[in-house]
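Asks: Chains as they are written, first to last, in the numbering used here: chain A, 47 to 301; chain B, 474 to 749.
A single structure is presented below for examination.
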Ligand SMILES: Nc1ncnc2c1ncn2[C@@H]1O[C@H](COP(=O)(O)OP(=O)(O)OP(=O)(O)O)[C@@H](O)[C@H]1O
Ligand SMILES: [Mg+2]
């Protein structure tokens, strides 16, 4: 398939979508406070990115997201590694693991604000708690699905435990772990923004709430756009990491 | 450098959801250092199980197994599995070099050796590919190269040439004989091909299923190296015929006309007809 044929359908449909949106806003007489036109959002976006304060808020949200994601990944992989190895520990941890999955964590955010204050710490905690679960389950899944035939190769060759871990366990589990991390990075962003909605005075989530209260709907859309760009960049970074770490895996092939 | 393999009263019973499977009835087998033994028998008669127990991948339910003399230890055993079992995250040459890496050989050195082995088994030019980019037969050849990499004193091969075309198979049979003669390793090889068994073996262990036991051990007296033409000799055909009768199921043992063979269950036909 040529590059053009690959890109064209997607670009065309996006273009059409925005054209229809723009047309609707111009000719239906809908108030821009309810639904601003894309052109208006574009103007608001251009203004937004020129303000220094915007980038300060952007940096706060990005920092909280990365910190939450990092904590979620480290604890998820470590705990998953321990649980996958020991059936006893798995049974011991099971109620907590299930609870951490089914408790609606967003409902806990006010509690985290109470415990960790209005500063960035509470956002990092929310972000980490929400992003933690997919990393944990995928790590366990990855380590549990090591191919028996591959294990035989290492046992027949009398590999030492550390060699086995480095050359078998880790690479076997890596595709699943990376899939978990891909979900986690998205969830970490959501966690940080939701945390900012509910408390504090910094970050794009806070900025969105403040903008909404001032009825600047076009600017609110512009902030969402900026958040989308951040989420997309993080997701793209994860995809590059995937290609870097597991080039042998089918999922690392370019689409 | 080679190993003597002594199995005494070796048995294996698998306990499964649906009951117990007697995979091996007490097996008594003594393989001399440097001997080439071929295991043959219908599907499910316990050949893989026996090889896995000898290789230390499974434990016997009863009996003992001794690997004596030679140089047992880290690099003692090379195992070719019934499936290639290549690691998908390593290139072909890295897979072949894996036993050397585990033994601590330097990178440049072990990759040199891996490339030489790839060339030997006929997959030269594919060293840098991922295993999934190779055909089934090529993957199996990479697995053979891996098993040979650290010059094992005992080589356990579970249908190593099963996925190969007849010509490649004949070439690798000859290559294996050459390696075996050069290294003096003890070899235990499983096959469903009668001609391959007669071509390679010092002794052929004929096994029978349910429960798996040794039906008979057939010696093959030909001198080494054995030229391909030997297959047409009367003596070769006589041994092959004897194996065919031993492998036929009860009641059919004396009657092996093709017409009757086609009425046998497919798995037993495999073992009886040998390679295509
Ligand atoms: N892990 C297992 N659990 C339960 N039963 C098993 C297991 N492995 C093998 N068996 C049983 O043991 C018997 C012998 O199996 P084995 O794989 O050794 O046969 P085989 O001679 O290698 O057959 P094939 O020629 O098809 O490879 C079979 O009846 C099989 O069902
Ligand atoms: Mg088998």
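Cβ atoms here follow ideal geometry from the backbone N, Cα and C, with glycine treated the same way.
As the structure is a computational prediction, the values presented were derived from the model and not from experiment.
Drop a sphere of 10 angstroms on the beta-carbon of residue 705(B), count the other beta-carbons inside from all chains shown, and report buried for 16 or more, exposed for fewer.
Replies: Counting Cβ neighbours within 10 Å, residue 705(B) comes out exposed, since fewer than 16 surround it.
Asks: With a threshold of 7 angstroms, establish whether the CB of residue 521(B) neighbours any heavy atom of ligand 2.
Replies: Checking every heavy atom of ligand 2 against the Cβ of residue 521(B), one is found closer than 7 angstroms.
Asks: Verify the CB distance criterion: does residue 554(B) have a CB-CB separation below 8 angstroms to chain A?
Replies: Taking Cβ atoms only, chain A reaches closer than 8 angstroms to residue 554(B), which makes this a yes.
Asks: In or out: residue 660(B) buried (at least 16 other Cβ within 10 Å) or exposed?
Replies: Counting Cβ neighbours within 10 Å, residue 660(B) comes out buried, since at least 16 surround it.
Asks: Let me see if you follow: with CB-CB separation under 8 angstroms, is residue 202(A) close to chain B or not?
Replies: Yes, its Cβ sits closer than 8 angstroms to a Cβ of chain B.
Asks: Closer than 9 angstroms, Cβ to Cβ, to anything on chain A: give me those residues from the region 518–530 of chain B, in chain order.
Replies: Of all residues in the region 518–530 of chain B, 525, 528, 529 and 530 have a Cβ within less than 9 angstroms of some Cβ in chain A.
Asks: Are the C-beta atoms of residue 123(A) and some chain B residue less than 8 angstroms apart?
Replies: False, the Cβ-Cβ gap to chain B never drops below 8 angstroms.
Asks: I'd like to know whether the C-beta atoms of residue 669(B) and residue 646(B) end up nearer to each other than 8 angstroms.
Replies: A contact, by the Cβ cut-off of 8 angstroms.
Asks: Going residue by residue through the region 586–646 of chain B, where are the continuous alpha helix (DSSP H) segments of at least 4 residues, counting only ones entirely within it?
Replies: Counting whole runs of 4 or more residues, the region 586–646 of chain B contains the alpha helix (DSSP H) stretches 609–621.
Asks: Compare the C-beta of residue 195(A) against all C-beta atoms of chain B and say whether one is closer than 8 angstroms.
Replies: Yes, because at least one Cβ of chain B sits closer than 8 angstroms to the Cβ of residue 195(A).
Asks: Which residues in the same chain have their Cβ closer than 7 angstroms to the Cβ of residue 96(A), if we skip the five residues on either side of it in sequence?
Replies: Nothing meets the Cβ criterion.
Asks: For residue 692(B), list the residues DSSP reports as bridge partners.
Replies: Per DSSP, 676(B).
Asks: Given a threshold of 16 other Cβ atoms within 10 Å of its Cβ, counted over all protein chains shown, does residue 213(A) qualify as buried or as exposed?
Replies: The residue is buried, with at least 16 neighbouring Cβ atoms inside 10 Å.
Asks: Between the region 133–146 of chain A and the region 193–205 of chain A, are three or more C-beta pairs nearer than 8 angstroms?
Replies: Result no; under three Cβ-Cβ pairs closer than 8 angstroms.
Asks: Do residue 68(A) and residue 83(A) come within 8 angstroms of each other at the CB atom, strictly closer than that value?
Replies: Cβ atoms of residue 83(A) and residue 68(A): closer than 8 angstroms.
Asks: Closest to residue 751(B) by C-alpha separation, out of 682(B), 557(B) and 695(B), would be which residue?
Replies: This structure does not reach residue 751(B), given that chain B is present from 474 up to 749, and the question cannot be answered.
Asks: Is it the case that the Cβ atoms of residue 231(A) and residue 64(A) are separated by a distance below 8 angstroms?
Replies: Cβ distance not < 8 angstroms, so residue 231(A) and residue 64(A) don't count as in contact.
Asks: Since residue 536(B) and residue 506(B) are thought to touch, with beta carbons under 8 angstroms apart, how far apart are those beta carbons, to the nearest angstrom?
Replies: Incorrect: roughly 21 angstroms between the Cβ atoms, too far for contact.
Asks: Rounded to whole angstroms, what is the Cα-Cα separation between residue 170(A) and residue 93(A)?
Replies: Each residue's Cα considered, the two are about 29 angstroms apart.
Asks: So, at 6 angstroms on beta carbons, what are the nonlocal neighbours of residue 519(B) in its own chain, with the 5 sequence-adjacent residues on each side left out?
Replies: Within the same chain, residue 519(B) has close Cβ partners 496, 497 and 685.
Asks: Starting from the Cα of residue 679(B), find the closest Cα among 719(B), 581(B) and 638(B) and give me that residue.
Replies: Checked all of 719(B), 581(B) and 638(B); the closest Cα to residue 679(B) is 719(B).
Asks: Looking at the C-beta of residue 287(A), does it have a partner C-beta in chain B at a distance below 8 angstroms?
Replies: No, no contact with chain B.
Asks: List, from N- to C-terminal side, the alpha helix (DSSP H) runs of 4 residues or more that fit wholly inside the region 503–591 of chain B.
Replies: The region 503–591 of chain B contains these whole alpha helix (DSSP H) runs: 520–527 and 565–575.
Asks: Using a threshold of 7 angstroms, is the CB atom of residue 555(B) nearer than that to any non-hydrogen atom of ligand 1?
Replies: Within the cutoff, so yes.
Asks: I'd like to know if residue 637(B) contacts chain A, where contact means its C-beta is closer than 8 angstroms to some C-beta of that chain.
Replies: False, the Cβ-Cβ gap to chain A never drops below 8 angstroms.
Asks: Is it buried or exposed for residue 546(B), if we count other Cβ within 10 angstroms and need 16 for buried?
Replies: For residue 546(B), the predicted structure reports a pLDDT of 45, less than 50, and the residue's modelled location is therefore unreliable. A value from the coordinates is still provided. Per the 10 Å Cβ criterion, exposed.
Asks: In angstroms with no decimal places, state the Cα-to-Cα distance between residue 620(B) and residue 227(A).
Replies: Approximately 36 angstroms, taken between the alpha carbons.
Asks: Report yes if the CB atom of residue 484(B) is closer than 8 angstroms to the CB atom of residue 541(B), and no otherwise.
Replies: The answer is no: Cβ separation not under 8 angstroms.
Asks: By the three-class DSSP mapping on this structure, what secondary structure does residue 179(A) have?
Replies: The answer is helix: DSSP assigns residue 179(A) an H, G or I state.
Asks: Please work out which residues of its chain come closer than 6 angstroms, Cβ to Cβ, to residue 113(A), disregarding the five sequence neighbours upstream and downstream, and give them in chain order.
Replies: Contacts found: 170.
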